[in-house]
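When we follow numbering that gives the first Met the number 0, the leftmost residue of the sequence shown carries the number 0, and every step to the right adds one. These notes are about the structure you will find just below.
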Amino acid sequence: MVAALASRELAAAVNRKRVQRLMREHRLLQPKRSEGRRRRPGYFQVTRPDELWHLDMTSVWVAEHGWCYLNAAIDCCTREIAAWGLDVRCRADEAIAVIDEAVIDRGVQSATLTLGTDNGTAYTSKRLRARLAELGIAHRRGGYRDPESQAFIESWFSKLKLRCVWREEFE
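Written as structure tokens, this is what we have:
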């Protein structure tokens, strides 16, 4: 910008890099801020069932209702679906209902389970965090734009869509 203004003022070509070097020497530039490395949640080794679940949501077209939202929780040790729910809304209440159903069905003891989610609004809400605290479940959120942090549920959703959702029409 400064080089362009100088070039216009002098009616001659001004080298942008020379202007930048001179401004740096005279301390007229703001120091660069490094973005740093992206933090990831880290590797989690699962040794027994009901130690780590992944919870996520995907959308499914249902003819009578339009887009519906499928919440599903998968056990990362056994790769079984612990619970699921299909609703016309995708709020924290629907995610909480899936968690409650899974905890009751599987008889999970408090302070033994970690729940991995992405950073969706339903999973970062105060209600969901409060419910997880009541149940004694540790919450582990994945990195921003990092589907690998929930590879098991993402893989299950892709197989579900490939084998069922895209082949069938639901009413």
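Built from N, CA and C at the ideal position, the CB exists for glycine as well.
- Its chain contains 58 and 60 as the residues whose beta carbon lies nearer than 7 Å to that of residue 66, once the 5 sequence neighbours on both sides are disregarded; these appear in chain order.
- Listed in chain order, the non-local C-beta contacts of residue 62 below 7 Å within the same chain comprise 168, 169 and 170, local neighbours out to five positions each way being set aside.
- Between residue 122 and the set 110, 140, 9 and 153, the nearest pair of CA atoms involves 140.
- Residue environment: residue 43 is assigned as exposed (fewer than 16 neighbouring CB atoms within 10 Å of its CB, all protein chains considered).
- When secondary structure is reduced to three states using DSSP, residue 87 falls in the coil class, being assigned neither helix nor strand.
- Less than 8 Å separates the beta-carbon of residue 55 from that of residue 156.
- Under the three-state reduction of DSSP, residue 56 is assigned to strand.
- For residue 71, the enclosing beta strand (DSSP E) has its first and last residue at 65-74.
- Using a Cβ-Cβ distance cut-off of 8 Å, the segment 128-148 and the segment 107-114 are in contact, since at least three pairs of beta carbons, one from each stretch, lie closer than that value.
- Within the same chain, Cβ atoms closer than 7 Å to the Cβ of residue 143 are found at 118, the five residues on either side in sequence being excluded.
- Between residue 97 and residue 84, the beta carbon gap of about 5 Å places them in contact (Cβ cut-off 8 Å).
- By the neighbour-count criterion, in which 16 or more other beta carbons inside 10 Å mark a residue as buried, residue 91 falls on the buried side.
- In the three-state DSSP reduction, residue 32 falls in the coil class, being neither helix nor strand.
- Here DSSP, grouped into helix, strand and coil, assigns residue 97 to helix.
- The beta carbon of residue 149 lies closer than 7 Å to those of 53, 55, 115, 117 and 141 in the same chain, with the five residues before and after it left out.
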